[in-house]
Structure formats: structure tokens, C-alpha cells
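In the numbering used here, the protein residues as written are 54 to 546.
One structure below.
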Amino acid sequence: MVAYNGGKIFTIQDSLKSPVAIFNNSNVSKDGFIYSGVNKNKRITAVMVRFNNKNNHYNPDLVYEEDVQAIQKFGYVEKEILGQGISSESQARRLAKWVLMTSQLETETITFKTGMEAANLYPGSIFEVSDESRNGKFRSGRVLDILKWKSVASGGEEYNSYGLMLDKFSMDDINLGAIIITVSAPRSFNRIENLDSTMKTEKNSVDQEEELDAINTPQYFRFRGVLGFTSWTNARQGQTANINNLKLIQEIEVIPSENRLNVYQHGFLNGDAVSFETNGVLPGGISMRRVYIVSEVTQNSFKIGKYNHGTQQVEIVNIIDKGKDIFGNNGGEHFVYSNSTIDPLTENAVKLIQVGAPYTIRTDSSVNFERNLSDPGDINILDAFSARPIEGDWYQSDFLGTFYLVGEWVYTVNFGWINIKQLLEFGIDSPTGVWVWANLFGWMYIKKYFPESNPSNQWGYFMFIDTYKITLWTEDGDFFWCPNNFLTNEISE
Numbered sequence: 054m055v056a057y058n059g060g061k062i063f064t065i066q067d068s069l070k071s072p073v074a075i076f077n078n079s080n081v082s083k084d085g086f087i088y089s090g091v092n093k094n095k096r097i098t099a100v101m102v103r104f105n106n107k108n109n110h111y112n113p114d115l116v117y118e119e120d121v122q123a124i125q126k127f128g129y130v131e132k133e134i135l136g137q138g139i140s141s142e143s144q145a146r147r148l149a150k151w152v153l154m155t156s157q158l159e160t161e162t163i164t165f166k167t168g169m170e171a172a173n174l175y176p177g178s179i180f181e182v183s184d185e186s187r188n189g190k191f192r193s194g195r196v197l198d199i200l201k202w203k204s205v206a207s208g209g210e211e212y213n214s215y216g217l218m219l220d221k222f223s224m225d226d227i228n229l230g231a232i233i234i235t236v237s238a239p240r241s242f243n244r245i246e247n248l249d250s251t252m253k254t255e256k257n258s259v260d261q262e263e264e265l266d267a268i269n270t271p272q273y274f275r276f277r278g279v280l281g282f283t284s285w286t287n288a289r290q291g292q293t294a295n296i297n298n299l300k301l302i303q304e305i306e307v308i309p310s311e312n313r314l315n316v317y318q319h320g321f322l323n324g325d326a327v328s329f330e331t332n333g334v335l336p337g338g339i340s341m342r343r344v345y346i347v348s349e350v351t352q353n354s355f356k357i358g359k360y361n362h363g364t365q366q367v368e369i370v371n372i373i374d375k376g377k378d379i380f381g382n383n384g385g386e387h388f389v390y391s392n393s394t395i396d397p398l399t400e401n402a403v404k405l406i407q408v409g410a411p412y413t414i415r416t417d418s419s420v421n422f423e424r425n426l427s428d429p430g431d432i433n434i435l436d437a438f439s440a441r442p443i444e445g446d447w448y449q450s451d452f453l454g455t456f457y458l459v460g461e462w463v464y465t466v467n468f469g470w471i472n473i474k475q476l477l478e479f480g481i482d483s484p485t486g487v488w489v490w491a492n493l494f495g496w497m498y499i500k501k502y503f504p505e506s507n508p509s510n511q512w513g514y515f516m517f518i519d520t521y522k523i524t525l526w527t528e529d530g531d532f533f534w535c536p537n538n539f540l541t542n543e544i545s546e
């Protein structure tokens with residue numbers, strides 16, 4: 054398509070792109086978002102494209118495409134198009150099909166007034182909208198503060214942890230999984246004029262293609278985080294909740310034929326530990342529960358591997374497909390993030406966020422629990438886990454992280470439901486050990502002190518030492534290591 058922007062005429066392609074900006078009710082006018090539909094009698098159901106056919110001495114020619122199902126629904130509505138610059142039948146048919154699909158799928162327009170936030174938009178730009186009237190008032194707003202605190206890794210080194218204080222939050226709308234929050238922030242902005250100088254330095258075609266796809270860099274960052282509950286005496290509007298443990302996540306393009314992941318200027322190095330998040334189903338060969346090793350890095354792509362403890366080598370993961378979206382279609386949005394405690398990528402991104410930046414929260418499933426437990430003190434939950442009550446039946450502990458209590462069951466963020474009957478009866482310090490059941494692993498034996506290693510192919514065996522370093526054997530004989538608060542972190546290999 055031909056468009057005009059910034060005093061120039063240029064061509065744009067209506068193709069799959071990432072959003073370059075976000076808008077919510079906090080950065081548009083008081084009128085909010087205005088929606089309008091398309092009259093069903095104006096939906097195009099048949100298209101004719103006229104063009105000069107190069108295979109017929111450039112004589113005038115015509116192609117015709119129709120949508121039979123749409124004709125049955127909306128009647129026969131024809132549109133004739135002059136295909137400027139089109140010289141082949143295949144090009145003309147693609148244009149006709151594009152017009153048909155656009156008419157049938159893009160049936161709603163949105164209008165709003167905003168400020169300089171829209172200055173970077175151009176014809177064909179994709180932007181993200183979070184409207185309180187449709188998504189709920191607690192899914193978008195502005196950042197009130199950027200939180201930072203010191204933590205100590207298992208090796209004794211200090212590192213920075215980050216969180217965001219938000220202007221809105223509802224205790225009645227709690228998400229039990231990781232939260233994806235998108236925050237508007239300035240990033241490097243590439244233009245076509247800059248490509249001539251950068252393309253000459255790229256080492257391969259993959260890097261060149263990523264540079265082309267990223268001509269207009271999204272002006273926001275995405276983070277993975279969890280709900281944090283704290284008492285901030287100086288909090289604005291009486292806030293008591295934040296998004297904590299931020300991890301910068303970057304959208305990936307999967308190339309199964311090369312076992313390679315394309316990410317524009319990802320910043321990873323060979324040997325870095327990474328994990329994955331998705332809004333659908335991850336590509337075959339990649340698991341959300343594993344930590345992978347970055348290998349064969351280029352500026353805009355890399356491969357991932359698993360560490361083989363027998364050969365002490367990193368084996369490249371065989372990626373089978375591109376995954377699926379939430380509707381079961383091939384593809385979908387998949388993300389990668391650093392699994393290292395010290396994460397300079399997240400730190401650098403957080404530094405670019407300003408107080409007042411607009412945000413949107415994406416959560417696919419939220420659960421509203423009935424808080425019907427008569428008295429949480431009836432069971433020795435505080436002694437069993439050294440847990441701290443948050444609100445209602447929600448607790449916080451170093452062992453389970455944030456969890457919801459229902460009788461002898463708890464719901465944890467990453468591991469789902471866990472039966473803790475024996476743990477409540479005997480406690481974590483029981484010298485004989487206790488059994489717990491988790492829907493992810495089945496039955497597990499837990500003991501505080503490190504016993505003689507005896508992995509079984511029937512059940513997982515957790516072994517604790519005084520610092521709560523844990524090893525888990527699985528049915529196929531592989532073993533995993535995970536850090537102190539293992540239920541609040543993904544398992545690492």
C-alpha cells in the first residue's frame with residue numbers, strides 16, 4: 054500500500070507486526086475510546102482486480118475472487134480495484150484476497166484523542182489498546198513508582214530486584230500465574246535511512262532481516278512478574294500491592310528448520326540461562342519448566358541447548374514447530390527471558406521507565422476465590438511454613454512463596470495445587486520426612502536433611518540440606534536443581 058507520512062510518500066505492507074505503542078484510559082482524553090462498526094451491507098464479498106498481465110504482453114487482464122460464505126450471509130457486494138504496479142495474476146489474486154479478508158475480519162474502528170504518545174505512529178502502525186470499559190479498570194493505568202531493593206544470591210553476591218507500584222489494584226481480581234505487564238518507555242528508534250550503514254556490518258541474512266523487521270522499534274517493554282503484597286506507608290492512593298520480581302521478556306520468532314530463535318538485539322551471550330513464557334502453547338521441544346543455555350549467538354538470533362550431565366556438553370534443542378496461539382492456531386506469541394539472578398537486561402530496561410508511564414496487564418485467567426475458611430489458625434499453617442498472612446486466605450512464605458490455603462490444600466503460583474496434610478501434621482523439620490502431592494509431579498518425599506541419594510523411577514525425591522538446596526529426580530532419570538524458594542521459581546536443569 055502507498056502512504057504519506059513526514060513529507061514523504063512510501064509503501065507499507067499489511068503483515069504480522071508487533072505493536073509499537075500502547076494506549077489506555079490514562080493517556081487519552083476524558084472521552085475515552087469510541088468504537089464504530091461496519092454496516093453489514095457494506096462488507097465486500099466479491100472483488101475484481103484489473104492489471105496489466107506481463108505473461109500476455111502486458112495487455113489488460115482481470116482476476117475475480119469471492120467469499121461464498123460471506124455472500125450467503127451479507128449478500129453480493131462487489132468492489133472493483135485497479136492494481137497499480139501489478140503485472141502478474143498471482144499478485145492480483147493476493148490483492149483481491151486481502152481486500153476480502155480485511156472487509157470480513159476488520160469490522161470495527163476505534164477513535165480517540167491523545168498527545169505526543171502518538172507522535173511515533175505512522176500509517177500501518179500496530180498499537181495496543183486497553184480500555185477500562187472492556188477489560189476492567191484494574192488492567193491498565195500508570196506507574197506510580199519504580200521499586201528497587203537489594204537481594205543476596207546463593208553464592209553470597211548482592212544483586213538488585215525490581216518492582217512496579219501501580220495506580221490501580223483489586224484484591225478481588227487475583228491472577229494465579231505469572232503476570233505479563235507492558236510499560237511504555239522510550240527505546241532506540243530505527244528508520245529506513247539508517248539501514249544502509251548498518252546492513253553492511255551484519256554477518257548473515259538473519260540479522261539483516263531482523264533489522265528490516267525492526268525499522269520501527271516498539272516503544273515499550275514487556276515484563277514478567279508476580280503480585281507482591283507489602284505495606285507501603287508512603288504509597289499513593291493507599292496502594293498495598295505491586296508487580297514484583299520483574300524479568301524483561303522479549304518476543305521471539307521461531308525458525309524450526311534451523312533450531313534458531315530470532316530476537317532483535319536480544320542482548321544475550323553464549324552460556325546465559327534463559328526460560329520461556331507464552332500466551333498459547335510453546336513450540337515443540339521447548340518447555341516453560343526448564344532452563345536452557347544460550348548458544349551460537351548472533352546479534353539478532355541464537356540457539357538454545359540443554360546441559361548433558363553425562364557428557365558435560367550443551368546439546369542444541371531440536372525445535373519441532375512454531376507453537377500455537379490461545380485459539381489453537383499455528384504460531385502465537387512466545388517470549389524469552391533471562392533466568393539468571395543477576396540480570397542486566399532487566400536492570401537496563403527498568404532504568405528507562407519513568408514515573409507516570411502508562412501500562413497494560415495481560416492475564417489470561419484470573420480466579421476469584423471465596424474466602425470461606427472459618428479460622429486459618431485452626432491448622433498450624435504458620436508453624437509449618439513460617440508463613441505470614443497477607444489477606445483472607447492468602448499467605449507468604451519463603452518455602453511456598455505466595456499461596457492460597459483451602460484446608461489441607463494450597464495453591465502456589467507456579468506448581469498449582471499441593472496437598473500438604475503430612476507437612477501440616479509433622480512440619481518441615483520432621484526427622485523422618487513427609488510426603489506431599491503436587492498436580493505437576495504427583496507424590497513427592499520431602500526431608501530437610503540430605504540423605505543418601507537413591508533416585509527412583511517411580512516418584513520424585515526431594516533432598517534438602519540446611520540451605521534448602523533441592524535436587525529432584527524424574528522418571529527418566531534426569532535431575533534438576535532449583536534455588537531456595539523453589540516453588541516461586543521455575544525449575545532449572
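Heads up, the beta-carbon is just placed ideally off N, CA and C, and yes, glycines get one too.
Classify M169 as helix, strand or coil using the three-state DSSP reduction.
Locating residue 169 in the sequence shown gives position 116, where the first residue counts as 1. Here M169 sits in helix by DSSP.
I need the DSSP call for E368, collapsed to helix, strand or coil.
Taking the sequence shown and counting its residues from 1, one reaches residue 368 at position 315. Here E368 sits in strand by DSSP.
For L301 and Y412, I'd like the C-alpha separation in whole angstroms.
Against the sequence shown, residue 301 aligns to sequence position 248. Against the sequence shown, residue 412 aligns to sequence position 359. Cα to Cα, the separation comes out at about 14 Å.
For the putative contact between V344 and N323, defined by C-beta atoms under 8 Å, what is the C-beta separation to the nearest angstrom?
Taking the sequence shown and counting its residues from 1, one reaches residue 344 at position 291. Taking the sequence shown and counting its residues from 1, one reaches residue 323 at position 270. No, V344 and N323 are not in contact; Cβ-Cβ is about 15 Å, not under 8 Å.
In three-state terms, what does DSSP make of S79?
One-based indexing of the sequence shown puts residue 79 at position 26. DSSP places S79 in coil when its eight states are reduced to three.
Count the C-beta pairs between the region 171-179 and the region 187-200 that are closer than 8 Å, then say yes if the count reaches three, no if not.
no
Whole-angstrom distance between N298 and M341, CA atom to CA atom:
Working through the sequence shown from its first residue, we reach residue 341 at position 288. Working through the sequence shown from its first residue, we reach residue 298 at position 245. Those two C-alpha atoms are separated by around 17 Å.
Does DSSP put N401 in a helix, a strand or coil?
Translated into positions along the sequence shown, residue 401 becomes position 348. Reduced to three states, the DSSP call for N401 is helix.
Residue span of the alpha helix (DSSP H) that contains I124, given as start and end
One-based indexing of the sequence shown puts residue 124 at position 71. First-last of the alpha helix (DSSP H) with I124: 121-127.
Contacts around V81, its chain only, beta-carbon distance under 8 Å, and the 5 residues preceding and following it disregarded:
Residue mapping note: residue 81 aligns to position 28 of the sequence shown, counting from 1. Excluding residues within five positions, the ones whose Cβ falls inside 8 Å are F165, K166, T167.
Using the C-alpha atoms, what's the distance from V130 back to N58?
The residue you call residue 58 lines up with position 5 of the sequence shown. The residue you call residue 130 lines up with position 77 of the sequence shown. Distance between the alpha carbons of N58 and V130 is about 32 Å.
Taking 7 Å as the limit between beta carbons, can you name the residues of its chain near F63, skipping five residues before and five after?
Position 10 of the sequence shown, counted from the first residue, corresponds to residue 63. Excluding sequence neighbours, F63 sits near A56.
Return helix, strand or coil for E185, following the three-state DSSP convention.
To locate residue 185, count along the sequence shown from 1; it is residue 132. Correct three-state label for E185: helix.
Starting from the Cα of I339, find the closest Cα among E210, I357, N392 and give me that residue.
Within the sequence shown, residue 339 is the residue found at index 286, counting from 1. Considering only alpha carbons, the answer is I357.
Residues sharing a beta bridge with G381, DSSP:
Stepping through the sequence shown from its first residue, residue 381 is reached at position 328. Answer by DSSP bridge pairing: none, since G381 is not bridged.
Quick check on DSSP: helix, strand or coil for R342?
On the sequence shown, residue 342 is found 289 positions in, with the first residue counted as 1. Three-state result, R342: coil.
Let me check one thing: in DSSP terms, what residues is Y273 bridge-paired to?
In the sequence shown, the residue the question calls residue 273 occupies position 220. Note: Y273 sits in a beta bridge opposite S237.
For V463, which of helix, strand or coil comes out of DSSP?
On the sequence shown, residue 463 is found 410 positions in, with the first residue counted as 1. Looking at V463 - three-state DSSP - the assignment turns out to be strand.
Residues that G194 bridges to, as DSSP identifies them
Here residue 194 refers to the residue found at position 141 of the sequence shown. Bridge partners of G194: Y412.
DSSP puts H362 in a beta bridge; with which residues?
In the sequence shown, counting from the first residue as 1, residue 362 sits at position 309. According to DSSP, which records beta bridges pairwise, H362 is partnered with nothing at all.
Taking T155 as part of the alpha helix (DSSP H), name the residues at either end of that continuous run.
Counting from one through the sequence shown, the residue named residue 155 turns up at place 102. Looking at the DSSP string, the run of the alpha helix (DSSP H) that includes T155 is 142-158.
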